[in-house]
Amino acid sequence: MNPQNLDFPDQFESQRLLIRCPRPGDGQRVYEAVCETLPELRAWPASLPWAMFEPSVDASENYCRQGHEAFAARRDLPLLLFLKGTDVLVGASGLHRMDWLERRFEVGYWCRRSMQGQGHITEAVRAIAAFAENTLAARRVECFTDVRNVASRRVAERAGFVLESIQTRVSPQGGENQACVYARVR
1 MNPQNLDFPD QFESQRLLIR CPRPGDGQRV YEAVCETLPE LRAWPASLPW
51 AMFEPSVDAS ENYCRQGHEA FAARRDLPLL LFLKGTDVLV GASGLHRMDW
101 LERRFEVGYW CRRSMQGQGH ITEAVRAIAA FAENTLAARR VECFTDVRNV
151 ASRRVAERAG FVLESIQTRV SPQGGENQAC VYARVR
């Protein structure tokens, strides 16, 4: 099976959110959200290694353009989260490290500071997991969170993921951290 031949939408909605693939021209909004949230993102280097680099509009635009291409090629499925009917970027998520034969996906997420605590990310992760299960025929959707990241763990649990284990993982910087492995299995 060639995943490039799979036909599925590049956007869908939840109650309050438009969830869609990044597009050329989205870089400025991504840059602004990253800058607003940089201290929180940098607290989790093993989970968000890209946040260790200095953000720029060019880097954010490059992320959007590469993400758009990766989505079309089905190599990665990055998603941006917008409040419906606006251009307000709530955060980003996506389905990553896909195994199309096994129908296994990993979901990741982050929320801009000004939108935290409003349930947007839980809503998005529920919708993305449902999209994976119903549209992509996922058998397993995984979520890895740092054991100390209580907010991220709550999102996974509220979105219907079950804690399966805690693993020691090596970060890109070479350090070890404890990661919770959550999953939704069909």
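Using full-length UniProt numbering, you'd call the opening residue of the sequence shown number 1 and step up by one each time. By construction, the Cβ of each residue, glycine as well, lies at the ideal position given by its N, Cα and C atoms.
Spatial neighbours of residue i in its chain, beta-carbon cut-off 6 Å, leaving aside the 5 residues before and after
i	result
L77	F71, G94, L95
R126	A159
L48	L41
Nearest-angstrom beta carbon gap, residue j and residue i [assumed within contact, 8 Å]
i	j	result
A92	L81	7 Å
V90	M115	5 Å
R112	A33	4 Å
Reduced DSSP category for residue i - H, G, I as helix; E, B as strand; rest coil
i	result
A124	helix
P78	strand
residue 204	The requested residue 204 is not part of the displayed model; the chain covers only 1 to 186.
N5	helix
CB of residue i within 8 Å of CB of residue j, strictly
i	j	result
V181	S165	yes
R186	R139	yes
L38	A51	yes
R74	P3	yes
Short CB-CB distance (under 8 Å) between residue i and chain B
i	result
R103	Reference to chain B is not applicable here, since this structure consists of a single protein chain.
### Query
Curious, which full-length beta strand (DSSP E) runs of at least 3 residues does the segment 85 to 118 contain?
89 to 99, 104 to 111
### Those runs of the alpha helix (DSSP H) which lie wholly inside the segment 7 to 53 and span at least 4 residues
27 to 42
### Task
Could I get the ranges of all uninterrupted alpha helix (DSSP H) runs contained in the segment 128 to 164, with 4 residues as the minimum, in chain order?
150 to 158
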